[in-house]
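Which chain is which? The protein sequence lines are D and R, in order. Under my numbering, the very last position in the first sequence is 420; numbers go up by exactly one each time. Under my numbering, the very last position in the second sequence is 876; numbers go up by exactly one each time. The beta-carbon is built from N, C-alpha and C at its ideal position, and this holds for glycine as well.
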Amino acid sequence: MTGSTIDHLVSLMVFLGAILLFIGLFNQTIQTAILYQHHRSIATKCSDLLDNMLLNPGNPLDWGKNNCPLTGFGLQDPEFMQYRLSSFSLMRLLSSSGNRVYYSQTGKWYSNVSWGIGGGYFLLQESECINYSTASKLLGINGTYGFQLTITPTVDVTIVEDKIVTDHLRLNVTVMGQGFPLAGASVDYLIFWANSTTGDFRANTTETNAVGFVLLDFDGNGLPRIEVSQNQTAYTFIARVSLGGLRGVGYLSRETVTKAGNIMPFIENYEDGTILLAHKWGKNDPGEECQGALHFNATFYVLPDNFSPIKSDVLNLTGGPWLVNYGQKKPFYAVQIPPEARNEAGFLVVTYWREDESAYEYGMVVMPWGIGTIGISVIFGDNPSGKEWVATDIRQVLVNNIAYQAKLALWSLEGYQVIG
Amino acid sequence: MMRTIEVFLVIIIITTAFIISSFFAVLPQPRQVSPLNLRRLALTTLETLDGDYDLSGTAFKSSGDPAWGELQIALSACLPPNIVYNLTVYEVLSGGTQLYTLIHSISNAESLGVSSDASSYLVASSNVTFSVVPEKIGERTGGGTLYILNCSDANGWWITGYTGQSLAGDLYRLLSPYFKTTIMLQNTTQLAKILDGMSIQGETLPNATVINTVGEAVPIPSGYYATQGYDSGHTSYAKYCYILGQKIRGFNWTWVSIVGYPLYYVSNTGLFTGPNDQNTYGIYGMKCVGPSGFNAFLDGLDNKGYGDWRWNGYEWVYDSGWITGDKEDDPRLASVSLSPEAIYYCNYYGIYPSPYQMATRALPSWIRDTYHLPDTHITYILNPVGNWIPGAVFRHVVSNRIEGSFLALGLTRSPDIRLTALGLLCAYKPRLYRSEYTASGTSRLIVLQLGQVGGV
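Spelled out as structure tokens, the structure:
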């Protein structure tokens, strides 16, 4: 009797122990499967959401060209089909690529898409931007998913000044795809330059070599002679490369810090095209002496598909001489892109110079009007770093006929409800 | 002892079950859990490369053409480095049992790995023309006559850079394929004839469309219309515009004003020959009616009485005087945009005016209620701005029946008659019947297959 009882007890304990062990083992497998399933659903959602953003123009259709409230989020160019994005809608996205910019003279914050990268500025007043929270709500994922959308040019056109040459301007242009150089690509370029004696413009075409490189010597032999030593000449160079249907664009503007400082543009009112040309002193790092009088000239160019810029004089809103002087309480000057040009993609070229008895110093900055005209990138949304699982997906898109890649990173903001 | 043995037997069974279930429950590789959508990536890559029709052009070139090398470089440059590809071009055949034959293939790897996906893209040769047969307006609804005022005895205003005759020619080329009958009214005598209800060449008179090509002016026939249309009490030809409105309603016509303020002047070079018979800007053979003309037209269209004149301290004006708006009334009128419907039909009919226009004579929205032009029956060509309508086709509705319509484009000069054509096509929506797309030798199929390498 006792032996039978012990047998029962031992067998029961062994059985319970085995059951617990197997429950653990099965549970492990099931949990892993659930996690995989969950990750898979995020990846599917990521692909769907990316298409949703890129294949509808949003509501109202022309929300990228005015500052009306948005009731539907979408980035497609309303004048086209498929994966062509509106360069204007992209302009209104609140950038998460750089630190937001506060300008004390207006008391406002500005979205920082580009802060002087290659002499290019794109700073739009934040109240006119579409922020991440609004986009999430309009996409129906607020509180359930987080995302970051990155729109970057497919072709990287890098333009640098060759510092070895000192008596004239030499530009080295390197054209790379996604890890592959664009050999034999056609390079159309525009160069605007200004100095104390002339302001000029030249358009030309050349071709990259086997490693996607081209050298442009502005030495007076074939190309005009441009001398940049001691900041005596400033220029803006824009290049468009094409090969086998792939198009890319790049730029370089000679932004110099003169002894009187330099100038940067803020987009004050998106809808009516008001731009503040601000003395950068007080907003940047030059020393006390850099707050003197800066003369300037601003011209807007519409850039059509044939890459032949159309000049359009900006409207003078401030009045009086084209001058900023921080020390004399003239920190900025307001200009306006003319109405007939405002709905066209283009760029604003600002030439500034310091005058005194000894010398002139010149600088230039460029501001795109419509993402894609000079090939700047946009990053919109939250930061994915540190998230548990981030799904990504990519589409090739066109912005102003320039090849871009749209990459969406998506992650879940909800728990997995998995025990163990 | 037996119980313990039995338990061990159970454990062995459960262990076996676990091993078997683990063997079948194979978890996917991480790449398969969160894959790149290669199919979409392939499609968008093909679309990008064909953004300017370069891919279409290359697909029809011979195998030795350098364009294939350029395409391969472009393809390698636009795909991420861990993506391998195989692009194959097929000729699309018609008839027979074989549908496709291989033309050319380019690849950057011998194999595409364990998993790949593909998208296909059909391109057409650039030297192929596809015929399109439009449905004739009026085939289903009756009417279908298009009258284009090509009156040699009328001068135009606000058609700077054009003449009424040149615009009439362009409109004929654009619109005549869509109408059953198109008639160019060569003079005001012919205009009088149709206003009297007589056809020119046996065409259907009711439900016709009448396009006024002389801008803000309107041709006025001499005789009955010049005498009955003249209001001697107020020295104005607004009465003629009123009669026009009545005729539009009576025949259920659609009146088309291509630019500016409708019916602002009346013109007849044979009738107005005096030294002061000019529009105050030096265009002779016309008389200024001012805003009274359009107000009287609306009254005539809506079957209201004629005669509500008032003195505005400067001149006699009919009804409300000046009613249109420009950027002084709403700054947004400086740049108005095509409506979504118009944008859609741009692609459908292949007419591409500038999507942004400047409105300086936008009609006020209150005319919809005052003159029975309900919003539900309006076809907007340009998006309304606040209380202003820059361009639309208005339909006059009485007891759910349309009795007369008008198209008004309150834009600044010079006119873009593509907008007029687009507006009419948006309003009538004639269908297009396209020819077969897969004609032999004219279409090629491009298949881009992508695979991922590296990692797990």
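Around the beta carbon of residue 196/D, fewer than 16 other beta carbons lie within 10 angstroms, which makes this residue exposed.
Contact between the stretch 787-796 of chain R and the stretch 764-775 of chain R is absent, with fewer than three C-beta pairs closer than 8 Å. For the set 92/D, 177/D, 84/D, the Cα lying nearest the Cα of residue 471/R is the one of 84/D. Put simply, the backbone Cα of residue 87/D is about 38 Å away from that of residue 583/R. Nearest to residue 370/D by alpha-carbon distance, out of 360/D, 341/D, 389/D, is 341/D. Against residue 388/D, chain R offers no close residue; the least beta-carbon distance is about 12 Å (beta-carbon pairs closer than 8 Å). A Cβ-Cβ separation of about 6 Å places residue 332/D in contact with residue 277/D under the 8 Å criterion.
Annotated three-state conformation of residue 730/R is strand, per DSSP. Within the stretch 340-401 of chain D, complete beta strand (DSSP E) segments of at least 3 residues are found at 346-355, 360-369, 378-381, 390-399, given in chain order.
For the pair residue 328/D and residue 320/D, the Cα-to-Cα distance works out to about 14 Å. Between the beta-carbon of residue 575/R and that of residue 637/R there is about 7 Å, and that keeps the pair under the 8 Å contact cut.
At least one CB of chain R lies nearer than 7 Å to the CB of residue 36/D. Residue 662/R holds the alpha-carbon nearest to the alpha-carbon of residue 738/R among 662/R, 803/R, 753/R. Within chain R, 467 have C-beta atoms less than 7 Å from the C-beta of residue 82/D, given in sequence order.
A direct Cα-to-Cα measurement between residue 683/R and residue 711/R gives close to 8 Å. The beta carbon of residue 502/R is closer than 7 Å to those of 872, 873, 874 in its chain, skipping five residues each way along the sequence. At least one C-beta of chain R is nearer than 7 Å to the C-beta of residue 178/D. Residue pairing by DSSP places residue 297/D opposite 351/D in a beta bridge.
Exclusion of the five residues before and after residue 598/R leaves 554, 557, 850 as the residues of its chain whose Cβ lies within less than 6 Å of its Cβ.
Pairing residue 215/D with residue 118/D gives a Cβ-Cβ distance that is not under 7 Å. Shown here, residue 766/R sits in a helix according to DSSP, grouped into three states. At the C-beta level, residue 410/D and residue 145/D come within 7 Å of one another. Interface criterion met: the Cβ of residue 776/R is under 7 Å from a Cβ in chain D.
DSSP lists no bridge partner for residue 434/R.
For residue 505/R, the closest alpha carbon among the candidates 483/R, 713/R, 536/R is that of 536/R. Under the DSSP assignment, residue 180/D falls outside any alpha helix (DSSP H); it carries neither an H nor an E label. Counted as a single uninterrupted DSSP element, the beta strand (DSSP E) harbouring residue 237/D occupies residues 233-243. From the beta-carbon of residue 461/R, the residues of chain D found nearer than 9 Å are 393, 394, 395, 396.
Counting along the chain, the unbroken beta strand (DSSP E) around residue 193/D starts and ends at 186-195. In the DSSP assignment, residue 542/R falls within the unbroken beta strand (DSSP E) covering 536-544. With respect to the 7 Å criterion, residue 494/R and residue 243/D are classified as neighbours on the basis of their beta carbons. Contacts between residue 471/R and chain D, judged by CB atoms closer than 7 Å, involve 245, 398, 401 in chain order. Within the model, the alpha-carbon separation for residue 177/D versus residue 465/R is close to 13 Å. Secondary structure note for residue 493/R: its alpha helix (DSSP H) is the uninterrupted segment 486-498. The straight-line gap separating the alpha-carbon atoms of residue 347/D and residue 507/R is approximately 37 Å.
Distance from the CA atom of residue 323/D to the CA atom of residue 375/D, rounded to whole angstroms, is 29 Å.
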